[in-house]
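Before any comments, here is the structure.
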Amino acid sequence: MAATCKYTWTANKADDWVLKLGFIGEGFAASTSSGGLFGYSLQNVSTPIMRIDSAHESSINDMKVINDSLIATCSTDGIKIWDARTSNCEASLGNGKSNFLSLASLGDSVAGGTELLGADAEVHVWDLRNTSQIVKSFIDSHHDDVTALEFHPTLSNYLMSGSTDGYVNVYDLSKPDEDDALHQVINYGSVHSCHFVSESRISILTHIETLLFHDLNDTNYEELVEPKQDDRGDLRQQWPNNEYVVDINPCGFAAYGANSTKNLFIVPFNPKKEKFKNSKTINLPGAHGEEVVRDVVIKPNTTQCLTCGEDGKVKLWELHESLKHYSIGTASSPPSIPTVKEKSDAKKHHKKTHKSKSQRFKPY
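Numbering (full-length UniProt numbering), first residue to last: 1 to 364.
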């Protein structure tokens, strides 16, 4: 089954890469490798909704939509909060020294992860209601670039980070210091992305296209239960015409590409069952030519799909049918998977071995 390309937008500058996408209001926002932001309406595709040529001094490493009007972006000059309606910068965040590579947002909380500087890479958390000071800092838990961050959608005291040092950490933000806050450590491989795919499960995608599903630790330490994990191995060997994986989206799809054949594919994904429906794979022919696709987003309960890539384009696609959209339900307490043994062992291993710097990988 093939999707149809309905419209193509071009980035602010001719040699830009378009790196990240997000739906905002009735349109979208996109970030670029020259530090720019731009966006258009999806109702009237020729109508721009924002354009900021110099949002940052260099490439925007990550972008997150906070709500219908606010966007967070990060780069070498820190983190900035933008009002998409006015193109005004509402706040500037940072620690004054670091190149921020990754972002997460939930409600009034924004987290940023940094590039390695010296011996450590850092994770910081701010409250948008008072951005004058950092709420939490984790400065000794990663020892290479922090490439991924995500708040748990319902257990808001949990923040997850992934790094090129091979570790995924889960922090309990309610704890006062870093050692106590380090709730869980998973050692798998250089992290491209990590997501909460369900209330108690995590997905980890590495820079060499391997995929792991793993339990999120419980806080019930009275029982000892080994964590359940499912290592899917190299996805390039399992999905046809697969040269790289863009991401595993917990909303219900995975995206992967093949530069040599100018193709992009979307595979429906059931995060509750952790199953991919390969028989329903959708082809986006031509995609972004021989250039890498950087981001894929699908508007929930519609047939509208956006892609962007290193060719400097954003493309609007019409899918043949809407994909089922998944979200994590409301929860008020931590998941019921007691795995204190794994937490204890992982922490010991983390402190013993984490100081040895691993080979560094850059995305793509």
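Glycine included, each C-beta is placed from N, C-alpha and C at the ideal position.
| Query | Result |
| --- | --- |
| As assigned by DSSP and simplified to three states, the class of Ala55 | coil |
| Alpha-carbon spacing of Cys194 relative to His152, whole angstroms | 11 angstroms |
| Outcome for Ser333 when other beta-carbon atoms lying within 10 angstroms are tallied against a minimum of 16 | Confidence at Ser333 is low in this model, with a pLDDT of 37, below 50, so its placement is unreliable and the value that follows should be read with caution. Exposed. |
| With 16 other Cβ atoms within 10 Å as the buried cut-off, status of Met1 | exposed |
| Identity of the residue in Gly189, Ser260 and Gly252 nearest Tyr244 by Cα | Ser260 |
| Ala104, enclosing alpha helix (DSSP H) - first and last residue | No alpha helix (DSSP H) contains Ala104, which is instead part of the beta strand (DSSP E) from Phe100 to Leu106. |
| 8 angstroms Cβ shell around Ala12 - same chain, five flanking residues per side excluded | It is Asn, not Ala, that sits at residue 12 in the sequence shown. Contacts found: Thr32, Ser34, Gly36, Phe38, Arg51 and Asp53. |
| C-alpha distance - Leu211 paired with Ile204, whole-angstrom precision | 6 angstroms |
| Coil, strand or helix - Arg201 by DSSP | strand |
| Contact under 8 angstroms by Cβ, Ile202 with Leu182 | no |
| Euclidean distance between Cα positions of Ser58 and Ser75 | 7 angstroms |
| Validate contact between the stretch 165-177 and the stretch 226-234 using beta carbons, cut 8 angstroms, 3 pairs | no |
| Inside the UniProt repeat "WD" (139-181) only - beta strand (DSSP E) runs reaching at least 3 residues | 146-151, 158-163 and 167-172 |
| 8 angstroms Cβ cutoff met for Val293 and Leu319 | no |
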